[in-house]
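Report on the structure given below.
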Amino acid sequence: MHSEEIEIRTGGREAVRDLRDECQRFLSSAGAGDGLLNVWVPHATAGLAIIETGAGSDDDLLTALRDLLPGDDRWRHRHGSPGHGRDHVVPAFVPPYATIPVLGGRMALGTWQSVCLVDTNVDNPVRKVRLSFLHG
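So the sequence shown is numbered by our numbering: it starts at 36 and just counts up by one.
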C-alpha cells in the first residue's frame, strides 16, 4: 500500500474543495494501476463527498447543510465560533472517508463526479487529507 498525507487550505470560510487533481497526482506518484484509492480526513469537523462541482452543486451542498444543521446556539458542543457544535455533527452526514475504484491508474469516477473535501468549520482553515492506494 502507498500512502501520503496532504495539506489543504480551505481558508476561514465554509468550503467544498475539489480534490480530484491532488488525488490524480498522488495516483501517478504511486505508480497506480488497478486498485482502490481511499481518501480519509482525520478531523472531527470535516467530511468527503463525491459530487459534481462547478455547476452549483457544491454551493447547494453547503446550503443544504446550513438548512439541516443551523449554526445557532442549540448545540451542546459549544467551544469555538457560535454554532460550532454543528460542525461536529457534519461527519455523520458527510462521512470522513471515500473509497474510489482505480483502473489503469485513473479514478473510475463518473463524468461529472469529483472527490471533495467538505469543511464547514471556519475555525480551522487548514486540513489534512490522507490518500492511500491499495494495489489490486
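In this text, a Cβ means the ideal position worked out from N, Cα and C, and glycines have one as well. Here the structure is a predicted model, which is why all the values come from computation and not from measurement.
- Within the stretch 117-160, the complete alpha helix (DSSP H) segments at least 4 residues long are 125-128, listed from N- to C-terminus.
- For Phe168, the pairing in a beta bridge is given by DSSP as His37, Leu72.
- By DSSP's assignment, Glu42 forms a beta bridge with Lys163.
- Under the three-state reduction of DSSP, Ala67 is assigned to coil, being neither helix nor strand.
- One thing to note: Val153 has its Cβ within 8 Å of the Cβ of Val129.
- Collapsing the DSSP output to three states places Ala99 in a helix.
- Excluding the 5 residues flanking it on each side, Glu49 has same chain C-beta neighbours closer than 6 Å at Leu97, Thr155, in chain order.
- The distance from the Cβ of Leu72 to that of Val137 is about 5 Å, consistent with a contact at the 8 Å cut-off.
- Annotated three-state conformation of Arg60 is helix, per DSSP.
- Closest in alpha carbon position to Asp69, among His114, Ala143, Asp122, Leu103, is Ala143.
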